[in-house]
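For what it's worth, my numbering labels the leading residue of the sequence shown as 86, then goes sequentially. Glycine included, every Cβ here is placed at the ideal spot set by N, Cα and C. Just so we're clear, the structure is a prediction, and the values are computed from it rather than from any experiment. One structure is given here, and the rest of the page talks about it.
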Amino acid sequence: MTKHIFVTGGVVSSLGKGLNASSIGMLLESHGLRIGLQKFDPYVNVDPGTMSPFEHGEIYVTEDGAEADLDLGHYERFTNAVMNKDCNFTTGSIYYSVITKERQGKYLGKTIQVIPHITNEIKDCIKKLVNPDTDVVISEIGGIVGDIESQPFLEAIRQFGREVGRENVLYIHLTLIPYLRAADEIKTKPTQHSVGMLRQAGIEPDILICRTEKSLSTDIKEKLSLFCNVDIESIIEEKDVKPYLYEIPLLLVEQGLDKIILKKLHLKTNGNTLAKWTKMLDTLKNPQKVTEIAIVGKYIGLQSAYESIYEALTHGGIGNSAEVKERRIESGDIEKDGAEKHLKGCKGILIPGGFGERGVEGKIEAVRYARENKIPYLGLCLGMHCATIEFARNVCNLKDANSTEFNANTPHPVICLLEEQKNIVNKGGTMRLGAQPCRLKTNTISYKCYGQELISERHRHRYEFNNKYKDIFASKGIVFGGFTLDNELVEIIELKDHPWFVAVQFHPEFKSKPTNPHPLFKEFIRATLNVCK
Ligand code: GLN
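Written out as structure tokens, the structure reads:
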């Protein structure tokens with residue numbers, strides 16, 4: 086029988102529910118258990134795909150093409166669970182499904198209500214991850230307890246616990262114990278209140294994970310235990326682990342969280358091993374070399390906007406026993422001050438994916454700087470478009486070449502709308518999305534990185550290299566590193582006379598893990614280390 090863990094949050098958001106859910110998943114896997122992970126987001130958008138990174142951070146893309154919350158990225162980086170469309174639901178998607186069924190007459194004769202129709206739909210979404218190959222499903226409830234929009238989700242997980250039996254369900258509440266500097270005290274009251282609210286919703290938390298700046302004394306733990314009705318050993322202290330996110334599971338295991346969970350869920354295992362993870366952490370914490378990568382984007386002040394990329398760079402570092410210093414540059418600043426001022430001295434340049442015209446010219450300048458100064462370059466999606474435009478303008482002399490995304494009337498549309506996109510009007514979930522196969526050309530940098538001809542990578546785009554320009558590009562020194570299997574779409578471009586220049590139409594960052602760095606990121610970092618010598 087599949088067991089269930091529900092992770093809720095209290096007091097404030099951004100406490101790291103996603104990282105904690107991932108860490109718990111990783112610990113259970115270390116005991117040989119097979120896990121599933123999913124997230125419920127209480128906002129009304131059907132998915133985050135139509136939101137700006139300023140609102141939501143990065144949009145994570147799954148193999149099957151869901152545009153999803155970035156916590157799914159943490160789930161995949163920490164565990165072996167493979168995310169899909171059943172791993173992220175929102176208030177919007179739940180209502181969309183219920184309303185669609187209502188229109189289809191599936192509830193004919195009935196009044197449709199939050200309880201039971203919406204809560205039943207939520208429970209059905211939880212059950213989607215239940216199967217004979219999954220021992221534990223971990224469901225994270227986004228937002229915090231007390232939010233109006235969280236209520237149907239809390240009600241659904243309460244009902245779920247009753248239905249499958251309390252012994253098969255665990256409620257873990259992540260909370261904040263603030264430190265008041267003036268009083269030099271840490272305070273349990275906000276946690277008491279948030280647990281109080283959970284109990285009003287009919288949920289008794291089994292475990293509290295307490296984010297805190299200061300250690301929790303026995304007194305504080307006793308107080309929390311008494312007022313929150315949680316066993317004292319189930320009160321877990323979680324201090325900041327920055328900059329090593331991957332330390333969280335070890336912090337939890339030190340306090341026996343894995344054993345507590347197994348006991349409470351009546352799960353038996355033959356012990357655990359964390360050897361691979363601790364080895365990875367050891368490499369991360371004791372680098373032998375250092376490199377510095379410039380990331381030129383337009384949401385640079387916002388860590389979450391490029392979360393998977395920053396992580397994949399770290400993984401590339403782990404793969405080379407190197408520390409990766411990041412130089413985060415707003416592309417608008419390059420437009421203002423020129424490339425030299427911001428890029429001088431960096432060992433590698435990366436341009437992430439993106440949408441819209443703002444900042445594109447600065448990114449194109451950054452590509453020029455990388456090409457001319459022979460600095461290793463990795464372009465991801467829009468980063469490939471910028472590389473194409475730069476090469477067209479400055480090497481092929483195609484004046485005012487551009488992507489039709491930024492200039493519909495460019496005389497040289499070197500990047501243009503995909504054929505299949507031409508009749509699409511709706512914006513949500515309609516890009517070329519998810520895993521697509523690609524065949525690499527042998528004798529390319531990419532082929533050397535992957536060590537195989539056939540690869541599969543995740544996509545999220547509407548625009549693509551315009552094949553009309555293939556010949557001129559090839560004659561001027563571009564190598565086409567990979568194509569879709571029908572040879573119709575260019576997936577990778579490389580530069581001939583350059584130490585390491587790879588720009589890809591896809592998003593390799595979504596498939597990188599700390600214990601298994603993505604080959605492109607690993608080799609990119611390696612190339613930057615060679616430049617350092
Ligand atoms: N805006 C570009 C497109 O739609 C690139 C997308 C991306 O970088 N993910 O094709």
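No Cβ-Cβ contact shorter than 7 Å links G562 with I577. Taking 7 Å as the cut-off, the Cβ atoms of V222 and T354 do not count as close.
In this chain, the alpha helix (DSSP H) harbouring L467 covers 467-479.
The three-state reading of DSSP puts H603 in coil, since its state is none of H, G, I, E or B.
Boundaries of the alpha helix (DSSP H) around P138: 138-141. Taking the Cβ atoms as the reference, D126 lies roughly 5 Å from T175, within the contact range of under 8 Å. Only residues of its own chain outside the window of five on either side were considered, and among them I271, E298, K299 have a CB closer than 6 Å to the CB of Y264, listed in chain order. Runs of the beta strand (DSSP E) lying entirely within the region 184-264, each at least 3 residues long, are 221-226, 254-262 in chain order. Proximity to F609 across F595, H592, W585 peaks at W585, based on C-alpha coordinates.
In the DSSP assignment, H278 falls outside any beta strand (DSSP E) and within the unbroken alpha helix (DSSP H) covering 274-285. Annotation for D126: no alpha helix (DSSP H) segment contains it, though the beta strand (DSSP E) segment containing it runs 120-126. The secondary-structure analysis by DSSP pairs Y548 across a beta bridge with L502.
As computed with DSSP, C534 is found in no beta bridge at all.
Partner residues in the beta bridge of A379, as assigned by DSSP, are R412, I434. Within the same chain, and ignoring the five residues on either side of A612 in sequence, the residues whose Cβ sits closer than 8 Å to its Cβ are G433, P461, P584, W585.
Take F312, set aside five residues on each side of it, and the residues of its chain with a beta-carbon closer than 6 Å to its own are Q277, in chain order. For C523, the uninterrupted beta strand (DSSP E) segment begins and ends at 517-525. At the C-beta level, E450 and I419 come within 7 Å of one another. For K507, there are no CB contacts under 6 Å within the same chain when 5 residues up- and downstream are skipped. Between the ligand GLN and the CB of G438, the shortest heavy atom gap is smaller than 6 Å. G464 sits away from P602, with the two beta carbons spaced by 7 Å or more.
Counting only residues of its own chain and dropping the five nearest sequence neighbours on each side, N479 has a CB closer than 7 Å to the CB of R453. Our two residues, I184 and I203, have alpha carbons roughly 10 Å apart in a direct line.
One alpha carbon belongs to H89, the other to N253, and they sit about 6 Å apart.
Nearest in C-alpha terms to L503, of all of T489, E377, K348, G287, is T489. Separation of the CB atoms of R543 and F591 is rounded to 6 Å, and the pair is thereby assigned contact status at 8 Å. The secondary-structure analysis by DSSP pairs G94 across a beta bridge with L259. Within the DSSP secondary-structure output, G356 pairs in no beta bridge.
At a threshold of 6 Å, Y548 counts as near the ligand GLN, since its beta carbon sits closer than that to one of the ligand's heavy atoms. In this structure, the CA atom of N130 is about 20 Å from the CA atom of R517.
Under the three-state reduction of DSSP, A588 is assigned to strand. Per DSSP, the beta-bridge partners of N173 are K124. For T529, same chain residues with a beta-carbon under 7 Å away, outside a window of 5 residues either side, are V564, G566, E579 in chain order. The DSSP-derived three-state label of E322 is strand.
When distances are taken from the beta-carbon of C471 to the heavy atoms of the ligand GLN, even the shortest one reaches 6 Å or more. Assigned with DSSP and collapsed to three states, H89 falls in strand.
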